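Chemist:
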Amino acid sequence: MYLQQEISQQSLHKQKDRRSHCTTTESDRRDVVENLTAIVSEAPNPQSRGSTVVEDCKERKQNRVKMLTDEVAQVQEVRYCLKTLREQMAARQNNNNNKIPSNGFKVDVLVSKANGSNGLVNGSHSKHQGQEDDESTLALREVTKHLYARLQEMERRHQEEKERLQAENIEHQRRFLEGQKAETKAEEQGKKVEEMQKLMRGLELENATLREKLAANEAELEKLRGLKKTDSEDRSEQLKKELATLKDKNHNLDDMLKSQQRKVRNMIEQVQNSRTIMEQRDRLIGDLKERVAFLEAENREYHDRMEFYLGNQVSKPYNSDTGSKVVYSKPLMPTSPGNKSMPFIKVVEIKS
């Protein structure tokens, strides 16, 4: 009876050690998962509102750089956790290899002295327990290797995604600067058109006044023609001279008005062309922003997968009666489909 109590106490101590080890590893994994979820939740949302697009781009760039640095730190922490977990597994395996034969031998010898049949049964049970511990350790090691390989793959994809986002950000900024230049040019052309329209209105008013004067002079000339030629020769000659000068001025003003109208038409056509170019570039900027939002959503999906694989590392506690089996709370399969096909964006540049 005393030997059986001692054996049961040793098995209880082993189970407590295993449970404490599992809880510590589980707490470490939970900390890592919480940190990763915090990083994913801190990802910036794309916003585009008129003149504040440049500030939003700068802020998103700073947030993205900060997020990438935090993710690098978290990946290093995950590596450290995997390293400590591997060391704990190795120490646990060494302890099991050192303890099980000695305990099994003692139990076999002591129980064989008390009762031969019970000693053989306990010795075989301790050997079977050691084999199950080795199998569970090997299974956990394989799962750890698989997760480490997945982590390296996610790091590689994350680096590629980072480089691609940086290139797209540079292209987006370049196109945005071009759009700003076109907008300023269109504003300058609009101001010039307004000035030309004001000048045209002034010329039209002057032309109207000259026509009124011309009509008045012609009426006066007709009146003078009815008078005697002797009395009105000097006045008629003077009026003819004034009429000739006014006709010349009117002709010159008509020519100037036509030239100004042609210039205004050209300026209006240029403004319309610049507006069409600006609309096309705005549509292109909207497509690029949708692409960035799509890539950020895919990045969040990769983080969710990492959380899923890290959360499924913890196995069930050891049960000495029914035999130890590695059971996972969730299947090691991604919840979402695989790599999504990227949308095809066709960039058309119109040269004016």
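Each number in the working numbering corresponds to the 1-based position in the sequence shown with 36 added. We put the beta carbon where it would ideally sit given N, CA and C, even for glycine. Predicted model only: the values in this text are computed from it and were never measured.
Count the other CB atoms within 10 Å of the CB of Ile206; is the residue buried (16 or more) or exposed (fewer)?
Modeler: Locating residue 206 in the sequence shown gives position 170, where the first residue counts as 1. Classification for Ile206: exposed.
Chemist: Quick check on Asn348: does DSSP put it in helix, strand or coil?
Modeler: Looking up residue 348 in the sequence shown gives position 312. In the structure shown, Asn348 sits in coil (DSSP, three-state: anything other than H, G, I, E or B).
Chemist: Looking only at its own chain, which residues have a Cβ that is under 8 Å from the Cβ of Met125, when we skip the five neighbours before and after it?
Modeler: For the purposes of this step, residue 125 is taken as the residue at position 89 of the sequence shown. In chain order, Thr173, Leu176, Arg177 and Thr180 place their CB closer than 8 Å to the CB of Met125, counting only its own chain and leaving out the 5 sequence neighbours on each side.
Chemist: Is it true that the stretch 306-314 meets the stretch 250-263, where meeting means three or more beta-carbon pairs spaced less than 8 Å apart?
Modeler: no
Chemist: Would Leu201 be called buried (16 or more neighbouring beta carbons within 10 Å of its own) or exposed?
Modeler: The count along the sequence shown starts at 1 and reaches residue 201 at position 165. Flag for Leu201 reads buried.
Chemist: Going by beta-carbon coordinates alone, are Lys285 and Leu241 separated by less than 8 Å?
Modeler: The residue you call residue 285 lines up with position 249 of the sequence shown. The residue you call residue 241 lines up with position 205 of the sequence shown. Cβ atoms of Lys285 and Leu241: not closer than 8 Å.
Chemist: Who are the near neighbours of Ser272 in its chain, counting only those whose CB is closer than 6 Å to its CB and skipping five residues on each side?
Modeler: If you number the sequence shown from 1, residue 272 lands on position 236. Same-chain partners within the cutoff: Leu260.
Chemist: Which residues in the same chain have their Cβ closer than 7 Å to the Cβ of Met303, if we skip the five residues on either side of it in sequence?
Modeler: Along the sequence shown, read from residue 1 onward, the residue named residue 303 stands at position 267. The answer, listed in chain order, is Gln225, Lys228, Val229 and Met232.
Chemist: Count the other C-beta atoms from every protein chain shown that fall within 10 angstroms of the C-beta of Lys387, then say buried if there are 16 or more, exposed otherwise.
Modeler: On the sequence shown, residue 387 is found 351 positions in, with the first residue counted as 1. Summary for Lys387: the model assigns pLDDT 45, below 50, so the residue's position carries little reliability, and this model does not support an answer.
Chemist: Using the C-alpha atoms, what's the distance from Arg100 back to Arg186?
Modeler: Taking the sequence shown and counting its residues from 1, the one referred to as residue 186 is at position 150. Taking the sequence shown and counting its residues from 1, the one referred to as residue 100 is at position 64. Computed Cα separation, rounded: 23 Å.
Chemist: Tell whether a beta-carbon distance below 8 Å holds between Asn348 and Glu197.
Modeler: The residue labelled residue 348 in the question sits at position 312 within the sequence shown. The residue labelled residue 197 in the question sits at position 161 within the sequence shown. It is not a contact, given that the beta carbons lie outside the stated cut-off.
Chemist: Skipping 5 residues on each side, what residues in its chain have a beta carbon closer than 7 Å to that of Glu219?
Modeler: Indexing the sequence shown from 1 puts residue 219 at position 183. Met314.
Chemist: My understanding is that Asn243 touches Leu282, with C-beta atoms under 8 Å, so please give their C-beta distance in whole angstroms.
Modeler: If you number the sequence shown from 1, residue 243 lands on position 207. If you number the sequence shown from 1, residue 282 lands on position 246. Not a contact, Cβ separation roughly 11 Å.
Chemist: Return no unless some Cβ of chain D is closer than 8 Å to the Cβ of Met232.
Modeler: The chain labelled as chain D is not found in the depicted structure, where only one protein chain is given.
Chemist: Spatial neighbours of Arg193 within its chain, please: C-beta separation below 8 Å, excluding the five flanking residues on both sides.
Modeler: What you label residue 193 is simply residue 157 of the sequence shown in a count that begins at 1. Hits under 8 Å: Tyr338.
Chemist: Considering only C-alpha positions, which residue in the set Leu118, Gly262, Gln296 and Gln216 is nearest to Ile321?
Modeler: Your numbering for residue 321 matches position 285 in the sequence shown. Per the Cα distances, Gln216.
Chemist: Between Gln112 and the rest of its own chain, which residues show a CB-CB distance below 7 Å, the 5 nearest in sequence each way excluded?
Modeler: Sequence index remark: in the sequence shown, residue 112 carries index 76 (1-based). For Gln112, where only same-chain residues beyond five positions count, there are no Cβ hits under 7 Å.
Chemist: Distance check for Glu107 and Arg341, CA to CA, integer angstroms please.
Modeler: Taking the first residue of the sequence shown as position 1, residue 341 is located at position 305. Taking the first residue of the sequence shown as position 1, residue 107 is located at position 71. The straight-line gap from Cα to Cα measures roughly 15 Å.
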